[in-house]
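Beneath this line is the structure, given in structure tokens, with notes to follow.
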Amino acid sequence: MPEYPLPIELLEERIGYKFNDKALAVRAMTHSSYSNENRDRGACNERLEFFGDSVLSLVVSEYLFKNYKSKQEGELTRIRASLVCEGALAEYAEKIGLGEFLYLGRGEDRGNGRHRKSIISDAYEALIAAVYIDNESAGGDGKSAVASFIMPYVKDELDRLGSATDYFDYKTLLQQVIQQAEGELLEYVVTGESGPDHDKVFTVEARLNSNIIGHGEGHSKRAAEQAAAKEALRLFGVNEN
């Protein structure tokens with residue numbers, strides 16, 4: 084079993100970018116739980132995450148603007164939201180094994196923090212900021228460096244989603260419907276996996292207070308959750324269009 088975190092040099096290989104300032108990369112991989120344990124709150128990746136969120140949005144927005152000329156603002160906004168949401172970022176992060184490079188506090192490490200969506204998606208944004216800042220500091224084009232790193236994953240996600248109708252965020256709309264009544268608990272539960280590793284199919288149930296309100300299948304958990312939410316919206320009589 085490897086000892087975590089893995090060295091930054093291996094991360095550089097996986098993302099195809101060599102840092103001039105490796106300390107910046109380490110900071111991007113440092114979760115607040117680790118810096119708190121070491122009494123150095125300022126050493127965590129939260130500020131980088133904040134900046135990386137904006138860089139990510141800019142890079143993806145520019146790509147969509149240039150390559151989806153027939154799409155109007157609303158459609159472009161929906162597509163972008165699907166590509167930069169927490170679930171999407173967590174999937175990108177998992178593809179490069181980002182959790183293996185994280186500096187986590189002991190509790191987070193024991194609690195499967197290396198695979199927790201919120202942690203690895205935030206770290207992915209922090210890594211984006213680190214690449215941008217490092218490249219700019221060396222006199223390069225930070226935005227281009229980030230695009231080289233992230234766009235292969237974004238394009239794969241675009242190909243997987245397919246038609247524009249798939250970009251609607253059914254989960255967000257369902258959550259908005261559920262929130263109209265206080266005390267309701269909405270959750271998504273994976274009930275099955277089938278197929279080989281490279282072509283898995285996930286089955287998910289959308290549950291409201293433990294009652295099943297939708298089923299969905301997809302080649303990722305996120306796609307299956309969206310399908311389950313779409314079915315649940317029909318149950319509520321909501322026209323998602």
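Under this note's numbering, think of the first position of the sequence shown as 84, with each following residue one higher. Heads up, the beta-carbon is just placed ideally off N, CA and C, and yes, glycines get one too. In this text, all values refer to a predicted model and were calculated from it rather than measured experimentally.
Give me the residue from G278, Q258, S144 with the minimum Cα distance to Y271. With distances taken between Cα atoms, Y271 lies closest to Q258.
Unbroken alpha helix (DSSP H) runs of length 4 or more, entirely within the stretch 213–253: which are they? Complete alpha helix (DSSP H) runs here, min 4: 225–244.
Minimum C-alpha distance to L269 - residue among E308, E191, L291: L269 has its Cα closest to that of L291, out of E308, E191, L291.
How would you call Y215, buried or exposed, if buried means at least 16 neighbouring beta carbons within 10 angstroms? Classification of Y215: buried, given that the 10 Å Cβ count is 16 or more.
Taking the alpha helix (DSSP H) that N119 belongs to, which residues open and close that run? Note, N119: alpha helix (DSSP H), 115–120.
Simplified DSSP assignment, three categories, for F102: Here F102 sits in coil by DSSP.
For N128, the three-state DSSP class (helix, strand or coil): Three-state result, N128: coil.
With respect to the beta strand (DSSP E) encompassing G297, which residues constitute its N-terminal and C-terminal limits? Where G297 is concerned, the enclosing beta strand (DSSP E) stretches over 294–301.
Which two residues bound the contiguous beta strand (DSSP E) that contains Y175? Looking at the DSSP string, Y175 is not in any beta strand (DSSP E); the run it does join, the alpha helix (DSSP H), is 169–178.
Let me make sure I understand the geometry here. Which of A312, E314, L318, E276 has the alpha-carbon closest to that of S303? It is E276.
Please state the DSSP three-state secondary structure of E92. Looking at E92 - three-state DSSP - the assignment turns out to be helix.
Assuming the contact rule is C-beta atoms closer than 8 Å, Y151 and L159 should be a hit. Round their C-beta distance to whole Å, please. By a beta-carbon distance limit of 8 Å, Y151 contacts L159. Their separation comes to about 6 Å.
Give the range of the alpha helix (DSSP H) segment to which E191 is assigned. It spans 189–193 - the alpha helix (DSSP H) in which E191 sits, taken as one unbroken run.
Close beta carbons around A176, own chain, < 8 Å, minus the five adjacent residues each side: Cβ neighbours of A176 beyond the five flanking positions: G182, I203, S204, A206, Y207.
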